[in-house]
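Residue numbers (the working numbering): 108 to 261.
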Ligand SMILES: [Fe+2]
Ligand SMILES: [Fe+2]
């Protein structure tokens, strides 16, 4: 199967995995390497924000359209995105202030992400495999792929 023919659920699930790996890379870097830690965090945060942006701009509007149960789920996803963004900002501010432990906030983020990603993969992403236009799948693929290309260059 070529890249654009890849199932959206697979594409998005793989992106979750890549984001998990990026976050793990940041977490496993010792605080003595604060410059590297900040860089890894900023890259992870940028990729996660892009993933969230693809969901909110391209996918959730289609999913929520015409189905009240889906809309309830979308509201929940959006609420979790705001919580994710809130922790991302707090970690960023702490790192910016100088070398410091962000362990507590990292665990907080891991917990929100774990629940959120599992919910999306179980209750939302499979629907995309049979309901998205080929154009939309291509757009999702392109935007997620741009992320990888950009990150590889830095
Ligand atoms: Fe999400
Ligand atoms: Fe997601």
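Heads up, the beta-carbon is just placed ideally off N, CA and C, and yes, glycines get one too.
Nearest-angstrom Cα separation, counted from residue j out to residue i
i	j	result
residue 215	residue 238	33 Å
residue 133	residue 148	6 Å
residue 176	residue 137	44 Å
residue 118	residue 212	28 Å
residue 290	residue 199	The question about residue 290 has no answer, for the chain in this structure spans 108 to 261.
residue 187	residue 223	7 Å
residue 192	residue 164	16 Å
residue 206	residue 143	11 Å
residue 174	residue 180	10 Å
residue 120	residue 247	13 Å
heavy atom of ligand 1 below 6 Å from residue i C-beta
i	result
residue 162	yes
Pair within 7 Å by beta-carbon distance, residue i and residue j
i	j	result
residue 232	residue 116	yes
residue 152	residue 195	yes
residue 158	residue 122	yes
Check: residue i C-beta below 6 Å from any heavy atom of ligand 2
i	result
residue 140	no
residue 227	yes
For residue j and residue i, believed in contact at Cβ under 8 Å, the rounded distance
i	j	result
residue 242	residue 114	Actually they do not touch by this definition, with Cβ atoms about 16 Å apart.
residue 145	residue 220	The pair is not a contact, with the Cβ atoms about 20 Å apart (cut-off 8 Å).
Quick one: complete alpha helix (DSSP H) runs, 4+ long, within the segment 211-246? 232-238
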